[in-house]
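**Q** Counting from 1 along the sequence shown, just add 73 to a position and that's the residue number in our numbering. Think of the CB as a built atom: it goes at the ideal place given N, C-alpha and C, for glycine as much as any other residue. Mind looking over this structure? Questions follow.
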Amino acid sequence: MTTNYVRINPPVVEFTDVKAGKVYKTTVTVTNTGITSKRMRLLEPTSKLFKFRVTNTEAPIAAGLSLSGTLEFRPEKDEDVCDRLLLVLEDKAIEIPLLAFSPACSLTMESLADFGSVMANSQVISKEVELTNQGSAPGSFQVLYDGDQSIRLSPSSGILQSGATQWLKVELCTDRPTRVREEAQVKLQNSKDVVLKIRADVLEQSLELQDLEGDRLSCLRFGPVFFGTSRVEKVVLVNNGPQACDWMVGFDLQRSTDAALLERSVRNRATAVDPSTVISCVPNEGRLRPYDRTTLWVCFRPVSRRRSREEQKTSGASAAASKQDFSLFLKFHTVGSKDGFNQQQQQHSTVPPHNGYCVELAVTGSALPVSLVPSPGHSFSFQQCLMGERVDVLCVLHNLSPHLPVTFKFRKMANFITDPPSGTISPGQSQDVVLSFAPHQMGTFKVKQVLEVLGQVVHLEPSSIKLRLRSFHTITLHLSAVCRAEAAYETPKLNPGITPAVTNETGQCARVPSSELGRCVGLVRAAVHSTAKTRLHSHGQSQSHRRNQSLDGRRRELLAFPNDRACSIRPASPDTTYRTIFTRVERYRYEDPDFSFTEEEEQQRQRHRDHYLAFIRSLRKTRLQKTTARLLGEVEDNIDIGLRPAAGLLTPQLSLRDLESNHSQEGHSVDQGHSQLLTTCMLAAMETRSRFRQVTEGINALPSTNQEVADCSRTLTVQQLHQVVIGPSLIDFGEVCVASVCVRNLDLVNNLQVYVWVQLELDCCPELQRSSPLSHVLPPLSRATLPLVLESTKLGKFHKSISYTVNSHHRSHVLVQSQLVPVVLQLSQSQVVLSPSPSYLAQSGYRGTVTLVNPRNHPADFTWRPIITETGLAFSIRPATGTVEAYRELDCEVMWHPSFSSPLEGQFDLCVHQGNTAQLRCLAKLGSSSVQLSEKHLVFGSVPLIFPSVRTATLHNTGHNHAYFQVLDVYPLPGMVVTPTEGVVPVGGQAEVQVHLNPGAVMKFDTRVEIALRNMKSLELRHIIEPPWWTSMW
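Structure (structure tokens):
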């Protein structure tokens, strides 16, 4: 310090951390920094604890020289001391402060605990605040906070050594979205109180759906599409949370709009539609970083379902393919929440409430059948034509759909041509199509012309969706046509006229049927002239004969031309008939009996055929019977061993693994490509199967077999991870007594077809250290239970996040919370009123019961302590001490000991060891009674002097309650005593009052004794005494 050209070193003298009995020294120097000499003197402090040795001179101190002195400090006790040195400079005085500080603490800490923005995922997060003691002595601190229950500070108090650092832990349970603005007061020894500000923004893990323009999307309307076609829309999934999340897509509703509206009338008729066949989402799972977004493709592809016979009978054939409206809900769900699809299924809620862990997208659409109708029908017949010619038929295609156009295409077919081969028909319009038959070969053609209806059909890929124009519906047209070649007949050579018989000329190729008579006119003009016009001599067949002839196609009629055969008149075939040209009379046939069979011979030939055929069949039957008998003889014999066929045999039971082997193979194939969306029914079915496969023994803690090692080392997808249920996500133990043991079960459910390894981490939670085992290898489709054991010795709210891993890759947590409370006993009633019971004895007629209830999980030891007042206490409780087991009750008997002077009111304290204290008030209610004296006058007569005499009075109780009496004046006269002073008169009984008289002088008088009765009017007993007599001895 420099003042008026003087420098003082040190400017302030401080002795820190001083202790009693020790000596502390320092040097104080004053230097003349001016240019002239100055007079300076240092004066000692006023305190005796300081001693200052200095040599002051009267001569001035030259410039640049200094004056020094030694200061000693000898503290007598540990306390702070303050004094001063006085520097006299010329005619001015300057003070030099002297300060001595005893050892003290100096606590400092941060005043802000800022968690920032965190996610509300029911996890307990913590932040540490540094508390440092910079002093030389230990210091204490205390945290005062009674605000939000989700915030916990530990330790709440303590002592911090010198130079040490204590971390104050602030724990925040993020079980709900909130904004935390709390303050906690921290009291520091020897320091000002510090206000610790706790700041946090607990945000909900919010998923949001948007369209491509960034607007919020709640409903996706696809509009009308044909059954079998697809329509794709893009949506954007946004993670508005501050933490990365794994998401997946599932269904929450699997009913169409018609089924929902007609649920009452057609609930049993409606056929369930698998929503995964109608709606697809690619990708259907993934991971979003904080505040990230991704584009999803949602595909609507309705498939027409097959109707049952009952539906067809009910609705008719016209309704085979009708319009169907769909209203489905896509649920975008985070994997961290285990109360997703099943909870909504159990609540039967059509539209579940929106929350941050999931967002729903309503998807609506209409599926229309293809209404493309060909006219005039589905069958077309072409006229007969020759090869190289062309026949056309007009076909009109009508699009009866009022909403959608139809794109068609005809498949190429040999010998048939369509014009146009393809096209598009607007809604409600028609299109003319020319079907042409241009044969390139002969024959009869009956073909099916396929008319394809084209539309956009989806092609699913793991990361995208592609639409391709494909055929999704076909219509079959039946085409029939005949192509023939021009017939080249060989011209018959006939006899042109009547020739001499000697020539016997016959024709060649003369087998001409009657239908081809016209082409022979030029050959035999004279023989067939005007034959076609002649009807006069037609003795042809009758209509019935013609009908029989047309039915018998094998019979053929030929024309008989002149001289068309030589010599014999026998026809070439017995089934061939010849008729004349003009009269159509059947020409005579002659059969030579020498060369033909008779009817008997024909029948005999048939019998021979039947005989040999029956013989061959009998040989075959005999051979088969012998073979069967030989096979039965190999497995059966004549020895009976007493076995009944199929006795004791049971139907083999197939395991779920056998039944679902095919499903598992399909599942592996699906995982390799596009995975199917999970639905509520699928998850419920899997959980039901796993619930009934409770595994209690044989669970390995570590993977041991090759299959277990292979399965437990794989990384699960988001959908697979959602099927591994570790829950409930919140385990609430409720109120748990300190130093007690409470157990809750944690369910481990594996709905997958592979092994899963689940490990719990409890190193950071000593309250749950008794829980075991902490590692499970879950078999496929199984369920196990892990008992969590809670035991703590600290009162207050307890919440911890228990972390677990699945296959050592996927980490999550469950929240464990409880309220640790002391043991407590509750009274069934705070006041007991005892009424008289005449059936009991007089000394035990007032009894009652009070029940001690233990509502908690630990036995409670208790003691009844009476509160004794100035009037005393006439009540007792049994048992006076005891134990009430957890969740049990104990009845205690309260008794009043009656007498005339017994108080009617009393109080007891129920003291629970290491627990609460309750007070019980006891009241006795007296009943009315009727007591009478047998004699109201008690006459002693003449009694001897100095000798005792006794008279007895009797009290009778004619009431319904016991009566209690008291003699108010026990000594009414000198030498007279009334006993007993108090007593009881039982119901229907009596009590005696004795009067003892021992006169010491001759007297005569009449006196009264009052007998007071409790709760009724008192009685009077009159005593009459005559002078005593005496006898002279002389």
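(1) On the DSSP letters alone, give me the boundaries of the alpha helix (DSSP H) that Gln780 sits inside.
(2) Could you give the DSSP three-state label for Arg703: helix, strand or coil?
(3) For Glu183 and Ser230, I'd like the C-alpha separation in whole angstroms.
(4) Please check the pair Gln1067 and Thr1054, which I expect to be a contact at CB under 8 Å, by giving their CB distance rounded to whole angstroms.
(5) To the nearest angstrom, how far is it from the Cα of Cys372 to the Cα of Thr407?
(6) With DSSP as the reference, please indicate the residues paired to Phe871 in a beta bridge.
(7) Hey, quick one: how far does the beta strand (DSSP E) through Val520 stretch, first residue to last?
(8) Cutting at 6 Å between CB atoms, please list the residues of its own chain near Val85, excluding the five before and the five after it.
(9) Report back the beta-carbon spacing between Val309 and Asp284 to the nearest angstrom; my notes put them in contact at under 8 Å.
(10) Under three-state DSSP, which class holds Tyr877?
(11) Taking the beta strand (DSSP E) that Gln502 belongs to, which residues open and close that run?
(12) Counting along the chain, where does the beta strand (DSSP E) carrying Val814 start and finish?
(13) Distance, Cα to Cα, Thr1027 vs Ser1091?
(14) Excluding five sequence neighbours on each side, which residues of the same chain lie with their C-beta closer than 8 Å to the C-beta of Tyr877?
(15) Could you have a look at Thr1115 and say whether DSSP puts it in helix, strand or coil?
(16) Check the DSSP bridge columns for Lys124 and list the partner residues they point to.
(17) Going along the chain, which residues of its own chain have a beta-carbon closer than 6 Å to the beta-carbon of Ala774, five neighbours each way excluded?
(18) Let me make sure I understand the geometry here. Which of Leu946, Val1012 and His1035 has the alpha-carbon closest to that of Cys995?
(19) Spatial neighbours of Val1057 within its chain, please: C-beta separation below 8 Å, excluding the five flanking residues on both sides.
(20) Give me, in chain order, the residues of the same chain whose beta-carbon lies closer than 7 Å to that of Arg254; leave out the 5 immediate sequence neighbours on both sides.
(21) What did DSSP end up calling Asp412 once you bin it into helix, strand or coil?
(22) Nearest-angstrom Cα distance between Leu245 and Leu898?
(23) Look up Ala997 in the DSSP assignment and say whether it is helix, strand or coil.
(24) Under 8 Å between the Cβ atoms of Val376 and Gln457?
(25) Which word fits Gln745, buried or exposed, when buried means at least 16 other C-beta atoms lie within 10 angstroms of its C-beta?
(26) Start and end of the alpha helix (DSSP H) containing Val791?
(27) When DSSP labels each residue in this structure, what does Gln842 get in the three-state scheme?
(28) Determine, using beta-carbon pairs with one atom in the stretch 255-265 and one in the stretch 199-215, whether at least three such pairs fall under 8 Å.
(29) Could you tell me the distance, in whole angstroms, from the CA atom of Gly494 to the CA atom of Leu293?
(30) Rounded to whole angstroms, what is the Cα-Cα separation between Leu704 and Lys694?
(31) Any contact of the stretch 459-470 with the stretch 502-519, i.e. 3+ C-beta pairs under 8 Å?
(32) Run through DSSP, which three-state label would Asp164 get?
(33) Gly979 bridges to which residues according to DSSP?
(34) Grab me the residues of Thr437's own chain with a C-beta within less than 6 Å of its C-beta, minus the 5 sequence neighbours each way, in chain order.
(35) Helix, strand or coil: how does DSSP classify Gln61 here?
(36) How would you label His1033, buried or exposed, when you count the other beta carbons within 10 angstroms and need 16 or more for buried?
**A** To lay it out plainly:
(1) Asn779 to Cys785
(2) helix
(3) 16 Å
(4) Gln1067 to Thr1054, Cβ: 11 Å. No contact.
(5) 21 Å
(6) Ser891
(7) Gly516 to Leu533
(8) Pro170
(9) 7 Å
(10) strand
(11) Unbroken run through Gln502: none, as it is neither H nor E.
(12) Neither: Val814 is in no beta strand (DSSP E) and is coded neither H nor E.
(13) 15 Å
(14) Ile799, Val831, Gln832, Leu833, Glu834, Arg884, Ser885, His886 and Val887
(15) A question about residue 1115 goes unanswered here, because the residues of the chain that appear run from 74 up to 1107.
(16) Glu145
(17) Pro846 and Ser848
(18) Leu946
(19) Ala915, Gln916, Pro971, Ser972, His1035, Ala1036, Tyr1037, Phe1038 and Ala1064
(20) Arg272
(21) Reliability of the predicted coordinates at Asp412 is poor, the pLDDT of 44 falling under 50, and the value obtained from them is presented with this limitation in mind. Residue state, collapsed to three classes: coil.
(22) 32 Å
(23) strand
(24) no
(25) Only weak support exists for where Gln745 lies, its pLDDT of 39 falling under 50; the coordinates are left without a value.
(26) Val791 to His795
(27) coil
(28) yes
(29) Reading the sequence as shown, one finds Pro at residue 494 and not Gly. Each residue's Cα considered, the two are about 37 Å apart.
(30) 16 Å
(31) yes
(32) coil
(33) Cys995
(34) Arg294 and Ser400
(35) Residue 61 is absent from the model: the chain starts at 74 and stops at 1107.
(36) exposed
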